[in-house]
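S.K.: Using the working numbering, the letters of the sequence shown correspond one by one to residues 6 to 195. Note that the Cβ used here is the ideal one computed from N, Cα and C, for glycine as well. The model shown is predicted, which means the values in this text are computed figures rather than measured ones.
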Amino acid sequence: MFAKSTYIERRSLLKKLVGDGLIVIFGNNDAPSNYPANAYKFRQDSSFLYYFGQHREGLVGVIDVDNDKEWLIGDDIDINDIIWTGFVPSVSDLGAEVGVANSAPMSSLKTMVDKAKAEGKTVHYLPPYRHDTMIQISDLLGMHPLKTREMASLKLIKAVVDMRAVKSDEEVEEIERAMLQIAQNGAPRI
6 MFAKSTYIER RSLLKKLVGD GLIVIFGNND APSNYPANAY KFRQDSSFLY YFGQHREGLV
66 GVIDVDNDKE WLIGDDIDIN DIIWTGFVPS VSDLGAEVGV ANSAPMSSLK TMVDKAKAEG
126 KTVHYLPPYR HDTMIQISDL LGMHPLKTRE MASLKLIKAV VDMRAVKSDE EVEEIERAML
186 QIAQNGAPRI
């Protein structure tokens, strides 16, 4: 994880590049192998990591460009899950680590999107590549899941590509550190 200021700066620049509307960046969920409790090793969505920096499953980042507000959306781990996972920071604590002041449960995402649509705002999202995200977007925006890719925000796609094409000194240092580790220890097993 980079410094909190890095994520704040990235989201600030993203707001400027997109210009208006509600930006919704989906993190990944667990992907079951053959039943829900037997998931593949978790890998977070790289765009979610870039802007919100958290590796936990079941999170969504929301940026209201017009009102200059940001949320980390997700459900806190309950007592039944803690038995299996151990301590997991709250969504609010995860947001604070990356400079996001607001958090809300996943059930509030639909309300936020519906409010933005009712106000005539554009809801920006990146093209989904996982079917669970396609279904989530489909439910949020009232479209067929197969339409979710073609309806993704071109403005957001271009902004993300422009930002991620240029590496900061901090990112270059991290890439070099990873390459040195690979050279010394071999590629990590995924």
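Going by alpha carbons, who is nearest to LYS21 out of PRO132, ASP73, ARG182, MET117?
M.R.: Nearest C-alpha to LYS21: ASP73.
S.K.: Short check: CB of GLY104 to CB of LYS9, under 8 Å?
M.R.: Against a cut-off of 8 Å, the Cβ pair of LYS9 and GLY104 comes out as a contact.
S.K.: Should THR127 and GLY26 be called a contact, given that it needs their Cβ atoms to be closer than 8 Å?
M.R.: Contact flag set, yes.
S.K.: Cβ of VAL29 less than 8 Å from any chain B Cβ?
M.R.: No chain B appears in this structure, which consists of one protein chain only.
S.K.: Contact between the stretch 87 to 101 and the stretch 114 to 127 is defined here as three or more beta-carbon pairs at a separation below 8 Å; is this criterion met?
M.R.: The stretch 87 to 101, when compared against the stretch 114 to 127, does not touch it at the 8 Å Cβ threshold.
S.K.: Hey, would you say TYR130 sits closer than 8 Å to SER158, going by beta carbons?
M.R.: Contact: yes.
S.K.: Ends of the alpha helix (DSSP H) at PHE53?
M.R.: Start and end: 51 to 57.
S.K.: What does DSSP give as the partner residue(s) for ILE78 in the beta ladder?
M.R.: VAL65, ALA109.
S.K.: Which two residues bound the contiguous alpha helix (DSSP H) that contains LEU99?
M.R.: Counting along the chain, the alpha helix (DSSP H) containing LEU99 begins and ends at 96 to 102.
S.K.: From what residue to what residue does the alpha helix (DSSP H) around TYR12 run?
M.R.: Where TYR12 is concerned, the enclosing alpha helix (DSSP H) stretches over 9 to 23.
S.K.: Who are the Cβ neighbours of SER112 in its own chain at under 7 Å, not counting the five residues just before and after it?
M.R.: Nothing listed; no residue qualifies.
S.K.: Give the C-beta separation of ILE28 and LEU18 to the nearest angstrom, bearing in mind that I take them to be a contact with Cβ-Cβ under 8 Å.
M.R.: Not quite, the Cβ-Cβ distance comes to about 12 Å (not below 8 Å), so this is no contact.
S.K.: Could you pull the start and end residues of the alpha helix (DSSP H) that VAL93 belongs to?
M.R.: Taken as a continuous stretch (DSSP letters only), VAL93 belongs to no alpha helix (DSSP H), as it is neither H nor E.
S.K.: CA-CA distance, GLY63 and ALA188?
M.R.: Cα to Cα, GLY63 sits roughly 34 Å from ALA188.
S.K.: Per DSSP, which residues does ALA157 bridge with? Please list them.
M.R.: DSSP output for ALA157 lists no bridge partner at all.
S.K.: Quick check: is any heavy atom of the ligand NAP less than 7 Å from the C-beta of VAL103?
M.R.: The ligand NAP is not part of this structure, which contains no ligands at all.
S.K.: Out of ASP98, ILE78, HIS136, VAL166, which has the shortest C-alpha to C-alpha gap to ALA36?
M.R.: Selected option, being the one with the closest Cα: HIS136.
S.K.: Taking the alpha carbon of GLY79 as the reference point, which residue from ASP50, PHE92, PHE31 has its own alpha carbon closest?
M.R.: It is PHE31 whose Cα lies nearest to the Cα of GLY79.
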